[in-house]
Amino acid sequence: VKEMGIDGPFFNFQSFEVVSIPAPFNDLKILTRIGKGREPFYGMDKIIALANHFPEIVFTAVGTDGYPGHILPLNINCIEWTDQMPELYQSHALALRLPDHDGLSPFVLEAMSFGNHVCYINELPNTFHTTEISDVIRVIEDFQVQLKTTGEIKPNIS
1 VKEMGIDGPF FNFQSFEVVS IPAPFNDLKI LTRIGKGREP FYGMDKIIAL
51 ANHFPEIVFT AVGTDGYPGH ILPLNINCIE WTDQMPELYQ SHALALRLPD
101 HDGLSPFVLE AMSFGNHVCY INELPNTFHT TEISDVIRVI EDFQVQLKTT
151 GEIKPNIS
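Under this note's numbering, the first residue of the sequence shown carries the number 1, and numbering increases by one thereafter.
Written as structure tokens, this is what we have:
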């Protein structure tokens with residue numbers, strides 16, 4: 001945040017935990033936060049398109065139990081809400097934040113604190129600025145190559 005010229009007091013998020021350097025991820029799973037009843041705003045249509053494009057990848061959508069009127073691909077798991085966010089961050093290499101518009105999202109900050117790579121609609125240091133689905137597809141494909149080449153995805157600890 002200081003890199004952005006913001007100097008203010010720190011506050012703790014519920015699932016923040018002081019950890020050592022995160023371990024590399026040995027598979028590619030994708031985590032997102034979708035507000036129940038606000039699925040279109042939070043980008044559920046984009047998540048569905050990505051899940052259809054990458055049927056071999058597990059997508060986890062926290063905050064909703066589905067998408068009324070839509071049949072979700074089998075590789076999207078919805079979790080209405082959970083107190084197991086630390087475990088989800090630690091098991092998902094990539095976090096997506098793709099709403100119509102956004103402020104500085106606590107979800108993005110939490111994900112980064114756990115070493116997750118983040119695709120974000122806003123420009124923020126150490127995230128992938130992804131305004132189009134094609135941007136997200138490129139990032140996912142790059143991680144698939146990294147995983148195939150090295151057997152792991154290094155955590156985002158820049």
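Note that the Cβ used here is the ideal one computed from N, Cα and C, for glycine as well.
By a C-beta neighbour count over all protein chains shown, 10 Å radius and 16 as the cutoff for buried, is ILE71 buried or exposed? Burial call: exposed.
Which whole runs of the alpha helix (DSSP H) in the segment 36-121 are 4 residues long or more, in chain order? With a minimum length of 4 residues, the continuous alpha helix (DSSP H) runs that stay inside the segment 36-121 are 44-53, 85-91, 106-113.
Do you know offhand how far TYR120's Cα is from GLY35's? Using only the alpha carbons, I get a separation of about 16 Å.
At what residue ranges does the segment 122-158 contain a whole run of the alpha helix (DSSP H), taking only runs of 4 or more? Qualifying alpha helix (DSSP H) stretches, in chain order: 133-150.
Whole-number beta carbon distance between ALA49 and ILE164, since they are thought to touch under 8 Å: The structure shown does not extend to residue 164, since the chain is modelled only from 1 through 158, so no value can be given for it.
Nearest to PRO55 (by Cα), restricted to the options ASN116, LEU74, GLU141, LEU98: Closest by alpha carbon: LEU74.
I think GLU80 touches THR60, with their Cβ atoms under 8 Å apart; what is that distance to the nearest whole Å? With 8 Å as the limit, GLU80 and THR60 do not qualify as a contact, their Cβ atoms being about 12 Å apart.
Which class does ILE30 belong to by DSSP, given the choice of helix, strand or coil? Strand.
In or out: HIS101 buried (at least 16 other Cβ within 10 Å) or exposed? Exposed, because fewer than 16 other Cβ atoms sit within 10 Å of the Cβ of HIS101.
Please look up how many angstroms separate the CB atoms of TYR89 and GLU123, rounded, as I've assumed it's under 8 Å. At roughly 22 Å, the Cβ-Cβ gap does not stay under 8 Å, so TYR89 and GLU123 are not in contact.
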